[in-house]
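Engineer: So that we are looking at the same thing, I have put the structure below in C-alpha cells.
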Amino acid sequence: MPRNPDWRLYEAYIRSVAPLALQPTRIDPEVPLNYHPEVDDYCMSSGMARTPGGRRWVAWFGNGDNSQTVLLLGWSDDGDPITEPRFIIDPGFLPGGLHMSAVVGNLWCAPDGRLFCFFMQSIGHFDGRGGTWQSVCENPDADEPRWSAPQRIWHGAALNKPTVLRDGTWLLPVALWWRHMFRFEEGKARNIDLGGFNADNGLFTELDDRRGSTVLASRDGGRSWELRGTAVNPHKPYFDEPMILERGDGSLLMYIRAGDGMVASESHDQGWTWTTPQRLPWQCASARFMLMRLRSGAALLVRNANTQEPSVRSHMTALLSRDDGASWQGGLLLDERERISYPDGYQEDDGLIRVQYDRLRESGEILMASFTEEDVLAGHDVSGRVVLRQPLVQSRSARLGLS
Numbered sequence: 001m002p003r004n005p006d007w008r009l010y011e012a013y014i015r016s017v018a019p020l021a022l023q024p025t026r027i028d029p030e031v032p033l034n035y036h037p038e039v040d041d042y043c044m045s046s047g048m049a050r051t052p053g054g055r056r057w058v059a060w061f062g063n064g065d066n067s068q069t070v071l072l073l074g075w076s077d078d079g080d081p082i083t084e085p086r087f088i089i090d091p092g093f094l095p096g097g098l099h100m101s102a103v104v105g106n107l108w109c110a111p112d113g114r115l116f117c118f119f120m121q122s123i124g125h126f127d128g129r130g131g132t133w134q135s136v137c138e139n140p141d142a143d144e145p146r147w148s149a150p151q152r153i154w155h156g157a158a159l160n161k162p163t164v165l166r167d168g169t170w171l172l173p174v175a176l177w178w179r180h181m182f183r184f185e186e187g188k189a190r191n192i193d194l195g196g197f198n199a200d201n202g203l204f205t206e207l208d209d210r211r212g213s214t215v216l217a218s219r220d221g222g223r224s225w226e227l228r229g230t231a232v233n234p235h236k237p238y239f240d241e242p243m244i245l246e247r248g249d250g251s252l253l254m255y256i257r258a259g260d261g262m263v264a265s266e267s268h269d270q271g272w273t274w275t276t277p278q279r280l281p282w283q284c285a286s287a288r289f290m291l292m293r294l295r296s297g298a299a300l301l302v303r304n305a306n307t308q309e310p311s312v313r314s315h316m317t318a319l320l321s322r323d324d325g326a327s328w329q330g331g332l333l334l335d336e337r338e339r340i341s342y343p344d345g346y347q348e349d350d351g352l353i354r355v356q357y358d359r360l361r362e363s364g365e366i367l368m369a370s371f372t373e374e375d376v377l378a379g380h381d382v383s384g385r386v387v388l389r390q391p392l393v394q395s396r397s398a399r400l401g402l403s
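In this note's numbering, the protein residues as written are 1 to 403.
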C-alpha cells in the first residue's frame, strides 16, 4: 500500500527549502563514474553546438527523466562518438533528501563564438517555479574549457536555442510549466501516492499569469535579459518547449509543443504580445521539435512525422519552408524507428546541417543525421553528403547491440 503523507505539511516543507533552489550550482569537471554512459545506461538528448574551432559539444541528460536528472556535457574534436562526459550539472540534494534536478537544458554557440549552456534547476522534477540559468564558456576550444558561475535569469525552463533577430536582439523562449505538472518525487522510488498533491496546492501561485511560453530578450549579448510577452496555449498545454522564427516582415512565428501535437502563435511587436496559439494543420506526436533559419534564408523544421500513427514518436523527418513557415516542402526521413525524439542541431559554414536526437533513452543512444538543404527538398540524398544514424553518445547496451 502506498504512503499517503499530509500534503499540507508537505507543501510547508517545500516552502521551507524553496530558497535553496535559488542558489547556484556549478558546472563540475569531476563527473562521478556512475553518470558515464557505460554505467548509467541512459541517454536523453539535450543539445549540440559547434564552436568556431570546429569542436562539437554535446549535452545529454543522465539518470532518467525524473527528479534525479543531471545534465552532462562532452565534446569531440575528431568527430568520433563521445565516450565520457567532461562536465556535470547536478544541483544535489536538499535537507530532507529531496533532489534538485537539471531536467531541461541546451547548448548554443553565440555569434561571437562564446558557448552558452542554459539549464533548469528545480526542486524535484518540477516545483512549479523551476529556474532558467545560464553559464558561459569563453574558451570552448581549449584543452581545459572554463565555465562561468551560473546566473539565474528567470523562472521556467529553456530547452531550445535562442533566436538572433536581424537587429541583433537575442530572444530566448522559456516555458513555465502548468500547475497540473507539479511533480517532486518519483512515486515508485518512495512508494508515495502522488495523487494527493496536485494543481490545488498553493505554491508559486503568483506566477500563474505567466504560465506558458514566455520570451526573454537580450540586447547586450546575454549579459542581461528583459522579460517580454507570454503565449498561453489553450489546446492541451504541456511542456511547451517553444522555438521562434523571425519572418521576412519582422514578425515572429512561435511553434509550441502541446499534449497532442503542436500549435503556433505570432507576434508583431518583437515578442511583447502574442496571439492565442492555434493548432497546426498536421498531426504529430507530443514531442520536442527543431525550428531554425538556414543560411540560405529558408527555414528548417525537424519533427516526428508518422502519418499512419501520428502520436507515435517515430519517422524523424526534416522539412523545408521558403515562405516563412506558411507551407513546408520536401521531407527527408532521418530515422523511421519508434522511440526516437528530441532533435536539436546547427548548420555548418559549408551548409551541412547536423541534427542529433535520442533513441530509446533507457539502454539507448544519441544519434546524429547530416544532410543539406537540397536533400531535404528532394526527400533523398542528392548531395552525396547524407549520413544517418551516426552515434554520438551510446549507453553500454546500445554500444553492445543489446537494445
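Heads up, the beta-carbon is just placed ideally off N, CA and C, and yes, glycines get one too. Note that the structure is a prediction, hence the values are computed from the model and not measured.
Thinking just about the alpha-carbon of each residue, which of G384, L400, L388 and S363 is nearest to the one in Y42?
Structural biologist: Indexing the sequence shown from 1 puts residue 42 at position 42. The shortest C-alpha separation from Y42 is found at S363.
Engineer: What are the start and end residues of the beta strand (DSSP E) that includes W108?
Structural biologist: In the sequence shown, the residue the question calls residue 108 occupies position 108. Where W108 is concerned, the enclosing beta strand (DSSP E) stretches over G105 to C109.
Engineer: Using DSSP with H/G/I as helix, E/B as strand and the rest coil, what is R337?
Structural biologist: Taking the sequence shown and counting its residues from 1, the one referred to as residue 337 is at position 337. Coil, per DSSP.
Engineer: So, helix, strand or coil for H99, using DSSP?
Structural biologist: Position 99 of the sequence shown, counted from the first residue, corresponds to residue 99. H99 falls in the strand class under three-state DSSP.
Engineer: Starting from L280, trace the alpha helix (DSSP H) both ways and give me its first and last residue.
Structural biologist: Position 280 of the sequence shown, counted from the start, is the residue given in the question as residue 280. Per DSSP, L280 belongs to no alpha helix (DSSP H) and is neither H nor E.
Engineer: Compare the C-alpha of T372 against each of T25, G351 and R288 and name the closest.
Structural biologist: Position 372 of the sequence shown, counting from 1, holds the residue named residue 372. Nearest option by C-alpha distance: G351.
Engineer: Please classify V302 as buried or exposed, where buried requires at least 16 neighbouring CB atoms within 10 angstroms.
Structural biologist: Counted from its first residue, the sequence shown places residue 302 at position 302. With 16 or more other Cβ atoms within 10 Å, it is buried.
Engineer: Return the chain-ordered list of same chain residues with a C-beta closer than 7 Å to the C-beta of F392, the five sequence neighbours on each side being excluded.
Structural biologist: Here residue 392 is taken as the residue at index 392 of the sequence shown, counted from 1. As written in the sequence, residue 392 is Leu, which differs from the Phe given in the question. The answer, listed in chain order, is V58, P81, I82, Q356, I366, L367 and M368.
Engineer: To the nearest angstrom, how far is the alpha carbon of A157 from that of V103?
Structural biologist: Position 157 of the sequence shown, counting from 1, holds the residue named residue 157. Position 103 of the sequence shown, counting from 1, holds the residue named residue 103. A157 and V103: Cα-Cα distance of roughly 9 Å.
Engineer: Would DSSP call P173 helix, strand or coil?
Structural biologist: In the sequence shown, residue 173 corresponds to position 173, counting from 1. Strand.
Engineer: Expressed to the nearest angstrom, what Euclidean distance is found between the alpha-carbon atoms of P5 and Y13?
Structural biologist: For this step, residue 5 is matched to residue 5 along the sequence shown. For this step, residue 13 is matched to residue 13 along the sequence shown. Cα to Cα, P5 sits roughly 12 Å from Y13.
Engineer: Measuring alpha carbon to alpha carbon, tell me which of L253, Q270, H155 and F289 ends up nearest Q278.
Structural biologist: By 1-based counting over the sequence shown, the position of residue 278 is 278. It is L253.
Engineer: List the endpoints of the continuous beta strand (DSSP E) containing V70.
Structural biologist: Locating residue 70 in the sequence shown gives position 70, counting from the first residue. From DSSP, the beta strand (DSSP E) with V70 extends over V70 to S76.
Engineer: Check for me: the beta strand (DSSP E) holding W57 runs from which residue to which?
Structural biologist: Residue 57 sits at position 57 when you count from the first residue of the sequence shown. Start and end: R56 to G62.
Engineer: Only counting the same chain, and skipping five residues up and downstream in sequence, which positions put a Cβ closer than 7 Å to that of L207?
Structural biologist: As a first step, residue 207 must be located in the sequence shown, where it is residue number 207. R129, H155 and L176.
Engineer: By the three-class DSSP mapping on this structure, what secondary structure does W7 have?
Structural biologist: If you number the sequence shown from 1, residue 7 lands on position 7. W7: helix per DSSP, three-state reduction.
Engineer: By the DSSP assignment, the beta strand (DSSP E) with D240 in it spans what residues?
Structural biologist: Here the question's residue 240 lines up with position 240 in the sequence shown. That run of the beta strand (DSSP E) goes P237 to E246.
Engineer: Taking C-beta to C-beta, are F87 and L73 nearer than 8 Å?
Structural biologist: Here the question's residue 87 lines up with position 87 in the sequence shown. Here the question's residue 73 lines up with position 73 in the sequence shown. Yes, these two residues count as a Cβ contact at 8 Å.
Engineer: Give me the Cβ distance between V232 and G271, rounded to the nearest whole Å; I'm assuming they're in contact under 8 Å.
Structural biologist: Position 232 of the sequence shown, counted from the first residue, corresponds to residue 232. Position 271 of the sequence shown, counted from the first residue, corresponds to residue 271. Rounded, the Cβ-Cβ distance is 14 Å, inconsistent with contact.
Engineer: Opposite N304 in the DSSP bridges: which residues?
Structural biologist: Along the sequence shown, one-based indexing puts residue 304 at 304. Partner(s): M316.
Engineer: When DSSP builds the beta bridges, which residues end up paired with P391?
Structural biologist: Sequence index remark: in the sequence shown, residue 391 carries index 391 (1-based). DSSP, once it has assigned bridges, lists L367 as partnering P391.
Engineer: Do you know offhand how far P234's Cα is from V263's?
Structural biologist: The count along the sequence shown starts at 1 and reaches residue 234 at position 234. The count along the sequence shown starts at 1 and reaches residue 263 at position 263. Spanning the two alpha carbons is a distance of roughly 10 Å.
Engineer: Return the residue from the list W133, L360 and L332 that minimises the CA-CA distance to D381.
Structural biologist: Working through the sequence shown from its first residue, we reach residue 381 at position 381. Checking every option, the nearest Cα to that of D381 belongs to L332.
Engineer: Confirm, please, whether the CB-CB distance from L377 to G345 is below 8 Å.
Structural biologist: Counted from its first residue, the sequence shown places residue 345 at position 345. Counted from its first residue, the sequence shown places residue 377 at position 377. Not a contact, by the Cβ cut-off of 8 Å.
Engineer: Quick check on N34: buried or exposed, where buried means 16 or more other Cβ atoms within 10 Å of its Cβ?
Structural biologist: Within the sequence shown, numbered from 1, the residue matching residue 34 stands at position 34. Flag for N34 reads exposed.
Engineer: Please classify L400 as buried or exposed, where buried requires at least 16 other C-beta atoms within 10 Å of its C-beta.
Structural biologist: Position 400 of the sequence shown, counting from 1, holds the residue named residue 400. Per the 10 Å Cβ criterion, exposed.
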